[in-house]
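Asks: Numbering (this note's numbering), first residue to last: 824 to 1034. Ideal Cβ placement from N, Cα and C applies to all residues, glycine included.
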Amino acid sequence: MDAQEVDSYDHLFKLLLVGDAGVGKSSMLLRFTDDTFDDHLQSTIGVDFKVKMMQVDGKRIKMTIWDTAGQERFRTLTSSYYRGAQGIILVYDVARKETFENLGTWLQEVEVYSPANGRDVVKLLVGNKIDKERVVSRQEGEAWARSKGMLFVESSAKTKIGIQQVFNEVVQKILDNPALLANTAPRSRAKKVNLSADKYAPHANAGGGCC
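As structure tokens, then:
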């Protein structure tokens, strides 16, 4: 993807991936943007992002997708990145019950830091790692999402199942909301910033296990 292609768009969307460490946020992002998967991908430190272009109904959508660290010590750092977001993707691991039980804490953070206490953003819940033996049923995930007024998708970054659907649904929901679209049109191009997807390089620590 060259700089000219990245700079030409009809709408600019900011999306955030949030959830516990190790639920697969980084792997979901890499699968969606680069169609790659790494079993040994290590945990994000702070915040990373990638840029992805998508065409929907003849409109060119430029997405900056922010991958936030799940560890407690990075919470104050990542909170500022909620500002200006149109979509929040909340992720848990279907094979780790505690990541599902912690969703309430993450949703509280979304409501504190997102525009209008989270009312003015599209929120989607993802049950990731369905290629593994699950301890959280699909019905549990659907029920939780429904009770919070959220969209719901299950996925596996490893097998690609559901990954495209996650981002398709968020983008379509934003496009269907005129209020969210109001500030997504291109501004003056007098000052250009190259957000080339090729410059993305995930940071790493000893955390591991983000598949």
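If you follow the beta strand (DSSP E) that T887 is in, where does it begin and where does it stop?
Replies: Counting along the chain, the beta strand (DSSP E) containing T887 begins and ends at K882 to T891.
Asks: Measuring alpha carbon to alpha carbon, tell me which residue in E963, M877, K971 and K873 is nearest L853.
Replies: Comparing Cα positions, the closest option is K873.
Asks: Nearest to R942 by CA position, among L835, I997 and P1009, is which residue?
Replies: It is I997 whose Cα lies nearest to the Cα of R942.
Asks: Please return the same chain residues whose Cβ sits closer than 7 Å to the Cβ of I984, not counting the five positions on each side in sequence.
Replies: Closer than 7 Å at the Cβ level, and outside the excluded window around I984, lie I953 and S978.
Asks: In whole angstroms, what separates the C-alpha of V917 from that of Q988?
Replies: So the alpha carbons of these two residues sit roughly 17 Å apart.
Asks: With C-beta atoms as the reference, is N951 less than 8 Å away from V846?
Replies: Result yes, Cβ atoms of N951 and V846 sit closer than 8 Å.
Asks: Which first and last residues belong to the alpha helix (DSSP H) in which I997 is found?
Replies: I997 -> alpha helix (DSSP H) spans I986 to L998.
Asks: List the endpoints of the continuous beta strand (DSSP E) containing G950.
Replies: Per DSSP, G950 belongs to the beta strand (DSSP E) from V945 to N951.
Asks: What's the call for E924, buried or exposed, on a 16-neighbour Cβ count within 10 Å?
Replies: With fewer than 16 other Cβ atoms within 10 Å, it is exposed.
Asks: On the three-state DSSP scale, how would you describe K873?
Replies: K873: strand per DSSP, three-state reduction.
Asks: Assuming the contact rule is C-beta atoms closer than 8 Å, L839 and Y904 should be a hit. Round their C-beta distance to whole Å, please.
Replies: Yes, they are in contact, since the Cβ atoms of L839 and Y904 sit about 6 Å apart, within 8 Å.
Asks: May I ask which residues mark the beginning and end of the beta strand (DSSP E) holding K837?
Replies: Where K837 is concerned, the enclosing beta strand (DSSP E) stretches over H834 to V841.
Asks: Let's test the definition: count the other Cβ atoms within 10 Å of the Cβ of T856 and tell me whether it reaches 16, buried, or not, exposed.
Replies: Label assigned to T856: buried.
Asks: Cα-Cα, which of E963, T859 and A939 is closest to G907?
Replies: It is A939.
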